[in-house]
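**Q**
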Ligand code: FEO
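Numbering (our numbering), first residue to last: 12 to 181.
#1: How many Å lie between residue 54 and residue 34 at the Cα?
#2: Confirm, please, whether the CB-CB distance from residue 69 to residue 180 is below 7 Å.
#3: Determine contact between the region 80-92 and the region 137-146, defined as no fewer than three beta-carbon pairs at a distance below 8 Å.
#4: Got a sec? Which residues, its chain only, sit under 8 Å from residue 46 by beta carbon, not counting five neighbours each side?
#5: Can you tell me the Cα-Cα spacing of residue 27 and residue 163, whole angstroms?
#6: Considering only residues of the same chain and omitting the five flanking positions on each side of residue 60, which have a CB-CB separation below 8 Å?
#7: Quick check: does the Cβ of residue 63 come within less than 6 Å of any heavy atom belonging to ligand 1?
#8: Quick one: Cα of residue 41 to Cα of residue 51, how far?
#9: Report back the beta-carbon spacing between residue 114 and residue 24 to the nearest angstrom; my notes put them in contact at under 8 Å.
#10: May I have the straight-line CA-CA distance separating residue 121 from residue 110, to the nearest angstrom?
#11: Give me, in chain order, the residues of the same chain whose beta-carbon lies closer than 7 Å to that of residue 154; leave out the 5 immediate sequence neighbours on both sides.
Next up, the structure:
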């Protein structure tokens, strides 16, 4: 594996852990508002992001590469409404998609087809992540951000179940 790719994969570990930290902050805000269903949904998102980070970490070691573990940035805390949280989450996922696409491009250029194949799962996963946030934004728009609309959606989101990633590194 070329150094440029292993460095990008290490940076991706940091970005995924930052994603977990950002969503933990959103959980923090939502729990504080008493929106237990939304908070629960974001806690599962935190677990998924941790899983993503560990997959990149395991993939590096599987290829005899040591990861570089850098400091994780403080999460953004200026959002307060549910819609602001969802829009910030969607923007963040678009940023992550672009980051994975960048590694994908370099992997293709360097003929690192193993990394390209590993990243295929993440390309699809990012499509799902963005679609989830689009759907939540649509739902909040439809039901309204008043207490009745949020209450209904909050009850529905409480049923989200954690599912371990279908990708394994071996
Ligand atoms: Fe791991 Fe939500 O991107």
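We treat Cβ as the ideally placed atom computed from N, Cα and C, and that holds for glycine.
**A** On the basis of the supplied data:
#1: Mapped onto the chain shown, residue 54 falls at position 43. Mapped onto the chain shown, residue 34 falls at position 23. Between residue 54 and residue 34, the C-alpha separation is close to 7 Å.
#2: For the purposes of this step, residue 180 is taken as the residue at position 169 of the chain shown. For the purposes of this step, residue 69 is taken as the residue at position 58 of the chain shown. In contact: residue 180 and residue 69 (Cβ atoms closer than 7 Å).
#3: no
#4: The sequence position of residue 46 within the chain shown is 35, counting from 1. Excluding positions up to five away in sequence, the list reads 93, 161, 165.
#5: On the chain shown, residue 27 is found 16 positions in, with the first residue counted as 1. On the chain shown, residue 163 is found 152 positions in, with the first residue counted as 1. Going from the Cα of residue 27 to the Cα of residue 163 covers about 30 Å.
#6: Position 49 of the chain shown, counting from 1, holds the residue named residue 60. Around residue 60: 27, 28, 30, 31, 34.
#7: The sequence position of residue 63 within the chain shown is 52, counting from 1. Under cutoff, so the answer is yes.
#8: One-based indexing of the chain shown puts residue 41 at position 30. One-based indexing of the chain shown puts residue 51 at position 40. For residue 41 and residue 51, the distance between alpha carbons rounds to 9 Å.
#9: Stepping through the chain shown from its first residue, residue 114 is reached at position 103. Stepping through the chain shown from its first residue, residue 24 is reached at position 13. Contact flag wrong, Cβ pair sits at about 12 Å.
#10: Here residue 121 corresponds to residue number 110 of the chain shown, with the count starting at 1. Here residue 110 corresponds to residue number 99 of the chain shown, with the count starting at 1. For residue 121 and residue 110, the distance between alpha carbons rounds to 17 Å.
#11: On the chain shown, position 143 is the one that residue 154 refers to. The residues are 160, 163, 164.
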